[in-house]
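In what follows, a single structure is set out as structure tokens and then discussed.
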Amino acid sequence: MKSFILFSFFVSICFTAFSQSKDFEGYIIYRYSYFSPDGVDITEKMLVENDSVQHYYINRENYISYGQSQNFQQLYNSKTNRYFYPKNGNIMYLDAANAFGEKVKFKGISEEKIVLGKLCKGIEMTSGENSTIYFFSEEIKVNPEPFKNHNLGGFGPYLKETGGCLSLQIISKYEDYTLVMTAEFIQEIELTKDGFDIDALIVK
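So for the sequence shown, the numbering used here puts the first residue at 1; every next one is plus one.
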């Protein structure tokens, strides 16, 4: 059976000397909060079975994330356009070209927020009955071109719509709860390609 290597060493070995560039490359920590449909904070209850944070790494072509225990959450490789995720002790993948749902639609919203001292504009993405609100800063952006075929979850269309801006807060509304992901730390730094190698995640 395949199992995961927990990349507790990812931070210490995957960074190289930082050089200034216009496209963001680095590390974002998102904190999770959960709310009931009527707005009650149910974070403590939900964290019994869910992660409390996401450690998100992105370079010019790929991204990967881990939970608070350095447990693997997801990896996207733009060259293969595959989205990898854990399931029952194995690493599975999907073709990220498939949206698996209705076509996403976007509309701007008037609300703005300050996250980590950065002014963030808002945009709502809908697909069928699903709705996600993104607050993004124009200071934190990537080139959307390498991610243009990432239709899964609407990531590619979102980057195209915002000019490559990464979200600093994401509000995802589901039938039973609302998940709010808020950035609490950002580090712009060059990452090595080894940190995005799916083969390195698997013990055969």
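Even glycine gets a Cβ: it sits at the ideal position worked out from N, Cα and C. Since the model is a prediction, treat every value here as computed from it, not as a measurement.
Option nearest residue i by Cα separation, candidates the options
i      : options                      : result
Phe155 : Tyr34, Arg82, Ser69, Thr178  : Arg82
Ile133 : Met181, Phe100, Glu102       : Met181
Glu184 : Glu25, Tyr30, Phe24, Asp23   : Tyr30
Glu161 : Lys173, Lys87, Glu145        : Glu145
Gly117 : Ser131, Glu138, Asp194       : Glu138
Asn59  : Gly26, Val40, Ser131, Gly122 : Gly26
CB contact flag (residue i, residue j, <8 Å)
i      : j      : result
Leu166 : Phe147 : no
Asn77  : Ile171 : no
Tyr32  : Leu179 : yes
Leu168 : Phe72  : no
Cys120 : Phe100 : no
Tyr174 : Ile42  : no
Leu152 : Asn88  : no
Distance between beta carbons of residue j and residue i, contact taken as under 8 Å
i      : j      : result
Ile140 : Ile189 : About 13 Å separates the two Cβ atoms, so there is no contact after all.
Val53  : Gln68  : 5 Å
Lys79  : Glu102 : Incorrect: roughly 28 Å between the Cβ atoms, too far for contact.
Neighbourhood of residue i by C-beta distance below 8 Å, restricted to the same chain and skipping five residues each side
i     : result
Ser21 : Since pLDDT at Ser21 reaches only 47, below the 50 mark, its modelled position is unreliable, and the value read off the structure follows with that caveat. Answer for Ser21: no residue qualifies.
Asn50 : Tyr32, Tyr34
Spatial neighbours of residue i in its chain, beta-carbon cut-off 6 Å, leaving aside the 5 residues before and after
i      : result
Met46  : Tyr34
Val142 : Asp23, Phe24, Gly164
Ile28  : Tyr56, Ala183, Ile186
His150 : Ala96, Gly156
Pro37  : none
Chain-order list of residues whose beta-carbon lies under 7 Å from that of residue i (same chain, five-residue window excluded)
i      : result
Tyr85  : Gln74, Met92
Ser131 : Glu124, Lys173
Gly39  : none
Chain D within 8 Å of residue i, Cβ atoms only
i     : result
Phe24 : No chain D is present in this structure, which holds just one protein chain.
Inset, instruction - Specify whether the segment 112-121 and the segment 88-100 touch according to this definition: at least 3 beta carbon pairs, one from each stretch, less than 8 Å apart. - result: No contact exists between the segment 112-121 and the segment 88-100.
Legend entry - Three-pair Cβ contact test at 8 Å for the segment 98-106 versus the segment 122-135: Between the segment 98-106 and the segment 122-135 there are three or more inter-stretch CB-CB distances shorter than 8 Å, so the stretches are counted as touching.
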